[in-house]
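Data block below; observations after.
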Amino acid sequence: MARLGALERDEATWPALVGALGRSVAARSPTLVRFLDVAHARGLIGAAPPASAAGATAAERARAASVVDGLTYALFLQRATRCVVDAGDQSATRQLADHLARLARSDAVGRDWRRLLSPFEGAKLDTISLALGRLARAREARAIEPEFAHIGLPANILEATLADALGGRVPNARAGCALAAARPNGGRARTYARVHGGARPVLCAPASVGADARATVHVHPPLATAWLSLYASWNCAFVAAEYADRQRPLAELPRALAQMLNGALLAAPPSEFVHRRSVALALHAWSTVVRRRRAAAGRCEPDAARAPRAAAALIALWGEHNAAAAAVYQRDLARARAASPFRAPRGTSGAREEGLPCPPLAERVRNVC
């Protein structure tokens with residue numbers, strides 16, 4: 022953190038870091054960039070005045086300060102995530118998981134730390150902790166089951182999708198459903214499509230662990246680049262809506278967006294996204310717990326300003342934009358599946374042709390991507 026603070030004060034370094042972050046977002050999520058262009062053209066977003074600008078109101082100064090804080094936090098998450106994922110030490114993820122487990126039992130958060138989180142935040146922290154443990158074991162063993170995240174990632178997305186739907190944000194929930202339906206990794210499904218003539222050929226490789234010293238876990242959503250572009254925009258829309266609807270502290274919002282919008286996630290290959298996001302999300306979740314505990318105990322200044330409800334028009338437009346982008350993704354995915362070489366000829370069964378037993382329905386449903 023001390024090194025990060027020094028970077029913030031270094032006027033030569035800070036613009037370069039922020040510029041690199043912006044380029045990463047633009048490269049990995051054209052969906053998000055297109056939305057920002059539309060929202061700006063409609064006057065729903067604009068440049069905030071500098072905190073030191075003459076005549077700036079207290080609210081404007083608070084917003085500007087929260088943006089700087091969010092960018093600083095994004096750079097912290099970026100560095101911390103890279104330290105864990107890109108370390109040549111394959112036990113780095115295990116060390117992080119163990120440290121966070123000790124933190125959960127420490128006086129820094131207290132035994133009642135779950136009271137500081139919403140039910141959704143608590144459930145999210147639990148699922149991320151489980152994923153972090155599995156990633157740690159995979160890095161140490163340099164092996165992972167081919168279907169890793171085949172069910173867990175869609176379930177994680179559906180948690181937020183349900184919250185969107187219950188909050189009346191149906192268009193963004195549709196985008197979440199499209200992302201959840203595009204389950205990652207072929208695993209046994211790839212073998213099934215080849216041997217049994219499965220009706221839905223897969224377009225993604227099984228999960229794997231990299232052969233280099235980093236031993237990064239690779240997860241492959243179908244049409245991964247387009248999937249990640251949609252995911253980034255959908256996730257940010259969900260986070261912004263939750264903070265506005267629940268009137269959470271405004272200063273927390275840029276930090277919450279930073280767990281998605283940082284270079285450690287977006288500048289890396291799409292196949293590494295799930296591993297990197299799990300690490301960044303775990304770091305962010307526990308950082309939020311500690312900060313709220315300190316504010317509750319009076320050890321830091323509480324965030325007084327709240328996220329504005331006036332953002333309803335922006336959030337509604339964002340959801341509609343994501344739903345339209347999801348429809349394009351589903352169309353492209355359907356076309357890619359139709360052109361896949363793994364599809365069996367209509368009216369034939371690969372299992373019968375090769376004298377192999379056809380798996381029962383339950384197994385076929387479980388294995389199809």
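Taking this note's numbering, the leading residue of the sequence shown gets 22, the next gets one more, and so forth.
All residues carry an ideal CB built from backbone N, CA and C; glycine is no exception.
Since the model is a prediction, treat every value here as computed from it, not as a measurement.
Practice task
Could you name the residues of the same chain whose beta carbon sits closer than 6 angstroms to that of histidine 305, not counting the 5 residues immediately before and after it, in chain order?
Solution key: One-based indexing of the sequence shown puts residue 305 at position 284. Contacts found: Gln280.
Handout entry: Member of Leu251, Ala355, Ala333 whose CA lies at the smallest distance from the CA of phenylalanine 56
Key = Within the sequence shown, residue 56 is the residue found at index 35, counting from 1. Closest option to phenylalanine 56, Cα to Cα, is Leu251.
Handout entry: Closest residue to alanine 234 among Asn206, Leu183, Arg163 (Cα-Cα distance)
Key = To locate residue 234, count along the sequence shown from 1; it is residue 213. Out of Asn206, Leu183, Arg163, Arg163 has the C-alpha closest to the C-alpha of alanine 234.
Exercise for the section: In angstroms with no decimal places, state the Cα-to-Cα distance between valine 106 and leucine 354. Expected result: Taking the first residue of the sequence shown as position 1, residue 106 is located at position 85. Taking the first residue of the sequence shown as position 1, residue 354 is located at position 333. Rounded to the nearest angstrom, the two C-alpha atoms are 30 angstroms apart.
Practice task
Put histidine 171 into one of helix, strand or coil per three-state DSSP.
Solution key: Stepping through the sequence shown from its first residue, residue 171 is reached at position 150. The answer is coil: DSSP assigns histidine 171 none of H, G, I, E or B.
Practice task
For histidine 239, write down the residues that DSSP places opposite it in a beta bridge.
Solution key: The residue labelled residue 239 in the question sits at position 218 within the sequence shown. According to DSSP, histidine 239 bridges with Ser229.
Handout entry: Cα-Cα separation between asparagine 206 and phenylalanine 169, rounded to whole angstroms
Key = Translated into the one-based positions of the sequence shown, residue 206 becomes position 185. Translated into the one-based positions of the sequence shown, residue 169 becomes position 148. Going from the Cα of asparagine 206 to the Cα of phenylalanine 169 covers about 8 angstroms.
Problem - From Leu38, Val39, Pro36, Ser50, residue whose alpha carbon lies closest to that of threonine 246 - result: Taking the first residue of the sequence shown as position 1, residue 246 is located at position 225. Considering only alpha carbons, the answer is Ser50.
Practice task
Taking only the alpha-carbon atoms, compute the straight-line gap between alanine 346 and threonine 52 and give it to the nearest angstrom.
Solution key: As a working mapping, residue 346 is identified with position 325 in the sequence shown. As a working mapping, residue 52 is identified with position 31 in the sequence shown. Roughly 7 angstroms between the two C-alpha positions.
Handout entry: Boundaries (first-last residue) of the alpha helix (DSSP H) holding isoleucine 149
Key = Indexing the sequence shown from 1 puts residue 149 at position 128. From DSSP, the alpha helix (DSSP H) with isoleucine 149 extends over 140 to 162.
Practice task
Return helix, strand or coil for alanine 253, following the three-state DSSP convention.
Solution key: For this step, residue 253 is matched to residue 232 along the sequence shown. If DSSP states are grouped into helix, strand and coil, alanine 253 belongs with the helices.
Handout entry: Exposure of aspartate 147, with buried meaning 16 or more beta-carbon neighbours within 10 Å
Key = Reading the sequence shown from its first residue, position 126 is the one you call residue 147. Exposed is the call here.
Handout entry: Same chain, Cβ closer than 8 angstroms to proline 60, five either side skipped, listed in chain order
Key = As a working mapping, residue 60 is identified with position 39 in the sequence shown. The amino acid occupying residue 60 in the given sequence is alanine; proline does not appear at that position. Excluding residues within five positions, the ones whose Cβ falls inside 8 angstroms are Ile66, Leu335, Leu338, Trp339.
Handout entry: CB-CB length for valine 54 against arginine 160, believed under 8 angstroms
Key = Position 33 of the sequence shown, counting from 1, holds the residue named residue 54. Position 139 of the sequence shown, counting from 1, holds the residue named residue 160. The Cβ separation is near 33 angstroms, so there is no contact.
Problem - Three-state secondary structure assigned by DSSP to cysteine 379 - result: In the sequence shown, residue 379 corresponds to position 358, counting from 1. Note that cysteine 379 scores 35 on pLDDT, short of 50, meaning its location in the model is unreliable; the coordinates nonetheless yield the value given after this. Three-state result, cysteine 379: coil.
Exercise for the section: Run the CB neighbour count on threonine 78, radius 10 Å, all protein chains shown included, and call it buried at 16 or more, exposed below. Expected result: Locating residue 78 in the sequence shown gives position 57, counting from the first residue. Result: exposed.
Handout entry: Terminal residues of the alpha helix (DSSP H) in which tryptophan 339 lies
Key = In the sequence shown, residue 339 corresponds to position 318, counting from 1. Note, tryptophan 339: alpha helix (DSSP H), 333 to 359.
Problem - Whole-angstrom C-beta distance between alanine 201 and proline 175, which should lie under 8 angstroms - result: Numbered from its first residue, the sequence shown carries residue 175 at position 154. Numbered from its first residue, the sequence shown carries residue 201 at position 180. Between alanine 201 and proline 175 the Cβ distance is about 4 angstroms, and since that is below 8 angstroms, they are a contact.
Practice task
Report buried or exposed for glycine 219, applying the criterion of at least 16 other Cβ atoms within 10 angstroms of its Cβ.
Solution key: For this step, residue 219 is matched to residue 198 along the sequence shown. Note that glycine 219 has pLDDT 44, beneath the 50 cutoff, so the model's placement of it is unreliable and no number is given.
Exercise for the section: Return helix, strand or coil for glycine 319, following the three-state DSSP convention. Expected result: Sequence index remark: in the sequence shown, residue 319 carries index 298 (1-based). Of the three classes helix, strand and coil, the one that applies to glycine 319 here is coil, per DSSP.
Practice task
Could you tell me how far apart the beta carbons of glycine 197 and aspartate 185 are, in whole angstroms, since I believe they sit closer than 8 angstroms?
Solution key: Position 176 of the sequence shown, counting from 1, holds the residue named residue 197. Position 164 of the sequence shown, counting from 1, holds the residue named residue 185. Glycine 197 to aspartate 185, Cβ: 6 angstroms. Contact.
Practice task
Check each candidate in Phe141, Gly143, Val130 and name the one with the smallest Cα separation from arginine 312.
Solution key: Numbered from 1 along the sequence shown, position 291 holds the residue referred to as residue 312. Measuring from the Cα of arginine 312, the nearest candidate turns out to be Val130.
Practice task
Name the two residues that bound the continuous alpha helix (DSSP H) containing glycine 189.
Solution key: The count along the sequence shown starts at 1 and reaches residue 189 at position 168. Segment: none, glycine 189 is in no alpha helix (DSSP H) and carries neither H nor E.
Exercise for the section: To the nearest angstrom, report how far apart alanine 37 and alanine 360 are at their CA atoms. Expected result: For the purposes of this step, residue 37 is taken as the residue at position 16 of the sequence shown. For the purposes of this step, residue 360 is taken as the residue at position 339 of the sequence shown. Between alanine 37 and alanine 360, the C-alpha separation is close to 43 angstroms.
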